[in-house]
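Chemist:
In the numbering used here, the protein residues as written are 143 to 204.
1. Could you check where the alpha helix (DSSP H) with residue 171 kicks off and where it finishes?
2. Should residue 160 and residue 168 be called a contact, given that it needs their Cβ atoms to be closer than 9 Å?
3. Checking contacts by CB at 9 Å: is residue 171 closer than that to chain B?
4. Which same chain residues, not among the five before or five after residue 180, have their C-beta less than 7 Å away from its C-beta?
Quick look at the structure:
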């Protein structure tokens, strides 16, 4: 069951819908996020964004 806060939020949105500028802003943010995710899926992530830990200390020369 939904908490009462969600019902109040739905009531407020029904009575006072978001402005056209707010809808455009949210739409642009969603499209930008999808574009970034698509580029990452297509090309992969750069090396500096990888989660592999960096080696600590000085490199060993053999």
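Glycine included, each C-beta is placed from N, C-alpha and C at the ideal position.
Modeler: Inspection of the coordinates gives the following:
1. Residue 171 sits at position 29 when you count from the first residue of the chain shown. Start and end: 162 to 185.
2. Taking the chain shown and counting its residues from 1, one reaches residue 160 at position 18. Taking the chain shown and counting its residues from 1, one reaches residue 168 at position 26. Against a cut-off of 9 Å, the Cβ pair of residue 168 and residue 160 comes out as a contact.
3. Among the chains of the structure shown, chain B does not appear; only one protein chain is present.
4. Working through the chain shown from its first residue, we reach residue 180 at position 38. For residue 180, where only same-chain residues beyond five positions count, there are no Cβ hits under 7 Å.
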